[in-house]
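Student: Below are the structure tokens for one structure; questions will follow.
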Amino acid sequence: MNHVSGFLTKVSFIVILAAVVWQLPAVAAGTSMSELRKISAVAMLPGASGTLYSAARGGIYVSTDTGKTWQLSYKTALPITMLATTNSGKLYAFVVTKGLLIFDEAAAKWDELGNEFGSQVLTHIINGAQAPVLLATDQFGQIIRSVDGGKNWQRTAGIRPPQTQAEKHGQQLFNTFCQACHGKEGTGETYTLKSLTTKDYVMAPPLNDFTHAWHHTDAAIAKTILEGSPRKNRMVAWKGVLEPQDAKDIVSYMKTLWAKWTENCQGPKHMRCM
3 MNHVSGFLTK VSFIVILAAV VWQLPAVAAG TSMSELRKIS AVAMLPGASG
53 TLYSAARGGI YVSTDTGKTW QLSYKTALPI TMLATTNSGK LYAFVVTKGL
103 LIFDEAAAKW DELGNEFGSQ VLTHIINGAQ APVLLATDQF GQIIRSVDGG
153 KNWQRTAGIR PPQTQAEKHG QQLFNTFCQA CHGKEGTGET YTLKSLTTKD
203 YVMAPPLNDF THAWHHTDAA IAKTILEGSP RKNRMVAWKG VLEPQDAKDI
253 VSYMKTLWAK WTENCQGPKH MRCM
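Here it is in structure tokens:
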């Protein structure tokens, strides 16, 4: 599966799943394993003998009798893309539109750690070499890293700090004019209830190398920044607010978010790299 089709498959999966689970009936307490629908993951907490957690339609469920019966632990009709226990004994889940959740065992409740993932959804999570470092993978196959216990995340490879004056200026402009829609470090628009449930809603795409920004030339990207998109009314024209050189500087910054092979395959050359 290539870089782009993998993204489209995953996004289609999320949108379809969200549409389906939104209409599910409530699941009664004491539900049996056979009555739970579409279990996607099972995890356990070390030291809690016989206690299991599962991600299924309707939310996250807990069983205290080794899976014979299940109670609702976290109710949601939203897609749950990850449920896992790390080797430190902490239980995490990723819920689309809510972000990364951690289970508070003492209070028996789920706490939201953060949701600045853009269009990323987490699929796996492990502890780093030292606390509070965490490592995770997303649906694009990227490895991301948190040094504060899961609140903030950065890619571990493929990007470099802005170095030239144009790149640094472009970063300032991107953060001011682009980040609100296209996400921190160009990771794309964060999933919301509106984006998942509104017909024909077009999300602001990632501008790093997750999808297809690198399929376009510098000139084409700069033109879209200045003139907007005729296909997407959310992509407004910034001409009059930004100068042509400003648009070029934003493109220079965007390319610091691309892996080297992506940059080498930019524009018409991309068909040879897929």
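Count along the sequence shown from 1, add 2, and you get the number used in my numbering. Backbone N, C-alpha and C fix where the C-beta goes; we use that ideal spot for every residue, glycine too. Just so you know, these numbers come straight off a predicted model, no measurement behind them.
Short of 6 Å in beta carbon distance, which residues of its chain neighbour Gln268, apart from the five on each side in sequence? Order them along the chain.
Tutor: Trp216
Student: Taking contact to mean at least 3 C-beta pairs separated by less than 8 Å, is the segment 252-260 in contact with the segment 165-185?
Tutor: yes
Student: Assuming Ala57 contacts Ala95 under a Cβ cut-off of 8 Å, what Cβ separation, rounded to an integer in Å, is found between them?
Tutor: 7 Å
Student: Could you check what DSSP says for Arg147 in three-state terms: helix, strand or coil?
Tutor: DSSP places Arg147 in strand when its eight states are reduced to three.
Student: Express the C-alpha separation of Ile127 and Asn210 in angstroms, rounding to a whole number.
Tutor: One C-alpha to the other measures close to 22 Å.
Student: Closer than 6 Å by C-beta to Ile41: which residues in its own chain qualify, once you throw out the five before and the five after it? Chain order, please.
Tutor: Closer than 6 Å at the Cβ level, and outside the excluded window around Ile41, lie Ser56 and Ala58.
Student: Assuming Tyr255 is part of the alpha helix (DSSP H), what are its boundary residues?
Tutor: Taken as a continuous stretch (DSSP letters only), the alpha helix (DSSP H) holding Tyr255 covers Pro246 to Met256.
Student: Excluding the five sequence neighbours on either side, which residues of its own chain have a C-beta within less than 6 Å of the C-beta of Trp155, listed in chain order?
Tutor: Ile146 and Ser148
Student: Give the secondary structure of Met237 by DSSP, where H, G and I count as helix, E and B as strand, and everything else as coil.
Tutor: coil
Student: Is the number of C-beta pairs between the segment 95-108 and the segment 57-77 that are closer than 8 Å three or more?
Tutor: yes
Student: Can you tell me which of the three DSSP states His218 falls into?
Tutor: Here DSSP, grouped into helix, strand and coil, assigns His218 to coil.
Student: How big is the Cα-Cα spacing for Lys12 and Thr66?
Tutor: Residue placement at Lys12 cannot be trusted, given a pLDDT of 42 that sits under 50; the coordinates are not used to answer.
Student: Do Ala206 and Glu191 come within 8 Å of each other at the CB atom, strictly closer than that value?
Tutor: Cβ atoms of Glu191 and Ala206: closer than 8 Å.
Student: Whose CA, out of Val97, Ala249, Thr71 and Tyr203, lies closest to the CA of Ala221?
Tutor: Ala249
Student: If you draw a straight line from the alpha carbon of Pro134 to that of Tyr193, how long is it in whole angstroms?
Tutor: When rounded, the separation of the alpha-carbon atoms in Pro134 and Tyr193 is 26 Å.
Student: So, is Lys92 buried or exposed, given that buried needs 16 or more other C-beta atoms within 10 angstroms?
Tutor: Within a 10 Å sphere around the beta-carbon of Lys92 sit 16 or more other beta-carbons, which makes this residue buried.
Student: Can you give me the Cβ contacts of Gly152 inside the same chain, cut-off strictly under 6 Å, excluding the 5 residues immediately before and after it?
Tutor: Leu102, Leu115 and Leu136
Student: Around the Cβ of Ala182, are there at least 16 other Cβ atoms within 10 angstroms (buried) or fewer (exposed)?
Tutor: Flag for Ala182 reads exposed.
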